[in-house]
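Going by the numbering used here, the first residue of the sequence shown is number 543, and it counts up by one from there. Where a beta carbon is used, it is the ideal one built from N, C-alpha and C, also for glycine. Source: prediction; values computed, not measured. What follows is a single structure, written as structure tokens, with notes after it.
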Amino acid sequence: MRQRKITLTEREIPEHWYNIVADMPNKPLPPLHPGTKEPIGPDALAPLFPMALIMQEVSAEKYIAIPDEVRDIYTQWRPTPLYRAYNLEKVLDTPAKIFYKYEGVSPSGSHKPNTAVPQAYYNKQEGVKKITTETGAGQWGSALAYACNLFDIDCDVYMVKISYHQKPYRKLLMQTWGANVYASPTPRTEAGKKILGEDPQSPGSLGIAISEAVEAAAADPDIKYSLGSVLNHVLMHQTIVGQEAVVQMEKAGELPDIVVAPFGGGSNFAGLSFPFLRLNLEEGQNIRCISSEPSSCPKLTRGVFRYDFGDTVGMTPLLPMYTLGHNFVPAPIHAGGLRYHGAGVVVSQLLRDKLIEARAHDQLECFEAGVQFAKAEGILPAPEATHAVATVVQEAERCKKEGKSETILFNLCGHGYFDMKAYEDYFSNKLERHEVTTEQIEASLAQLDTPVPA
Ligand SMILES: *Cc1c(COP(=O)(O)O)cnc(C)c1O
């Protein structure tokens, strides 16, 4: 029988997270204070995060041990399966071998609990009573609600208003796990009041919701803030995905030529690709790592590398990253998790050093690829994940044209069963091709008065 599914035992769950900073030829530039624009140290982050996570954020240690309690919780859904997509290969009529790692088997249906659980764990260790966060489509909010419930921590989620009304099921899932969910902008914070004062009908954005959640946490020592992507420690937690995949690909007798993952802030891309990039950096392998982003929010392919705020109001430290500008408001495409203006510092530096690649796709192309995948392999991809499928389809077609049997691995980072509205809109031809114009990008970047990295 052909081996379709490559599994691991619980004992094969990685014991460490991998910190790629240790292996990077050019280390990430330091974050800057939003006011003074001088480099900040770990202490500046203390009002927002527990010390254990801050130490991980600034760490250059190559491996960081995963606490036993966290590994024990991981066993509920990890190790996740890795599949060979025989049916998709056949439909695409390609000589390429296609594999995917499936993170949709977690309780909230994506890779996000991989970091939500350790984040809640370290907060609990340091006596934190409540965690605030933001969420767009609701993937991150539901992962954190799940994790906070496990550790008996209160959870306040600022959910982008337009999603709050369009995606009631994610909101209900968060409420089921005990979280308080607020439609952002809210009148609960100064940041929210400011935005509502300017535009009472504001549909909200991820940047605004971050401003609100950060403000609420900074105001009270018992409350901390948590981010589901972008930051170094978040990317590092996700490397359990790629470490498992390295072993599973070995078991399949293959080393990928190409690793692909969708890109919002960079966490699932980092999670799958960094352990393979380690093979490039350490062992001289030549694995191409491609991130897939929407053409409506193309920070990696059309943004600039410079210091920018993580939020809209300008409260967070300035991070050196690829960005479209913190005032950039992306079109309301359905891949909510990919509508962020910036990118993680580590992934940004790797792209700047040409150690990874980036590619943008239009949303129609993505849904077409997603439906093709669902028909072939059965699993309905999250709208975010369809971006990776679109890249895979392109690469499989190139392999066909060139007569090459390359091995492609991608991250099916979540299922789309809470996103049926997106598929409904696609099936009823309500989705339009969308690419942001150069004028829009230039207008947003022109508003930046933040430092340009050397
Ligand atoms: C949040 C999310 C993303 C985007 O975030 P990254 O940090 O870039 O991974 C992509 N896919 C899914 C399913 C998500 O939930």
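Query, Result
"Selection from L777, S838, G852 that minimises the alpha carbon distance to F816", "L777"
"L922 beta carbon near ligand 1 (any heavy atom closer than 7 Å)", "no"
"Beta carbon nearer than 6 Å to a non-hydrogen atom of ligand 1", "S652, K654, Q681, W682, S771, P804, F805, G806, G807, G808, S809, N810, F811, G879, L880, A924, E926, A927, C955, G956"
"Those runs of the alpha helix (DSSP H) which lie wholly inside the stretch 950-974 and span at least 4 residues", "962-969"
"Whether S684 touches R712 by CB criterion (8 Å)", "yes"
"Backbone secondary structure at Y706 - three-state DSSP", "helix"
"Buried or exposed by the 16-neighbour rule on C-beta atoms within 10 Å, applied to M828", "A quick correction: the sequence has Asn, not Met, at residue 828. So N828 counts as exposed."
"Distance between S947 and Q667 (C-alpha atoms, nearest Å)", "49 Å"
"L715 to S652 span [Cα, whole Å]", "14 Å"
"V931 - DSSP class collapsed to helix/strand/coil", "helix"
"Nonlocal neighbours in the same chain, by C-beta distance under 6 Å from V537, ignoring five residues either side", "As shown, the chain starts at 543 and ends at 996. That puts residue 537 outside it, with no answer to give."
"Which of helix, strand or coil DSSP assigns to H903", "strand"
"Meets three-Cβ-pair contact criterion under 8 Å: the stretch 839-851 and the stretch 550-562", "no"
"Whole-Å CB distance - D565 paired with E825, under 8 Å assumed", "D565 to E825, Cβ: 11 Å. No contact."
"The stretch 747-762 in contact with the stretch 723-735 per 3-pair CB rule at 8 Å", "yes"
"Cβ pair count under 8 Å reaching 3, the stretch 854-861 against the stretch 719-729", "no"
"Burial state of N568 (16 or more Cβ within 10 Å)", "exposed"
"Reduced DSSP category for S986 - H, G, I as helix; E, B as strand; rest coil", "helix"
"Cβ contact check for the stretch 950-966 and the stretch 637-647: 3 or more pairs under 8 Å", "yes"
"Contact check, G806 vs Y882, beta carbons under 8 Å", "yes"
"Contiguous alpha helix (DSSP H) assignments of at least 4 residues, all confined to the stretch 848-908", "887-894"
"Buried versus exposed, by CB contacts within 10 Å (16 or more), E974", "exposed"
"The alpha helix (DSSP H) enclosing E552, as first and last residue numbers", "E552 -> no alpha helix (DSSP H), and no H or E assigned at all."
"N- and C-terminal bounds of the alpha helix (DSSP H) containing R544", "From DSSP, R544 is part of no alpha helix (DSSP H); its letter is neither H nor E."
"Contact the stretch 908-928 vs the stretch 759-775: 3+ CB pairs below 8 Å", "no"
"Cβ shell of A607 (< 6 Å), same chain only, five flanking positions each side left out", "H558"
"Short Cβ contact (8 Å threshold) for K709 with I695", "no"
"Residue burial classification, F969 (beta-carbon count within 10 angstroms, cutoff 16)", "exposed"
"Beta strand (DSSP E) segments (min. 3 residues) lying fully within the stretch 740-817", "765-767, 800-804"
"Cα-Cα separation between R864 and N822, rounded to whole angstroms", "The question names Arg, but residue 864 is Tyr in the sequence shown. Each residue's alpha carbon lies about 23 Å from the other."
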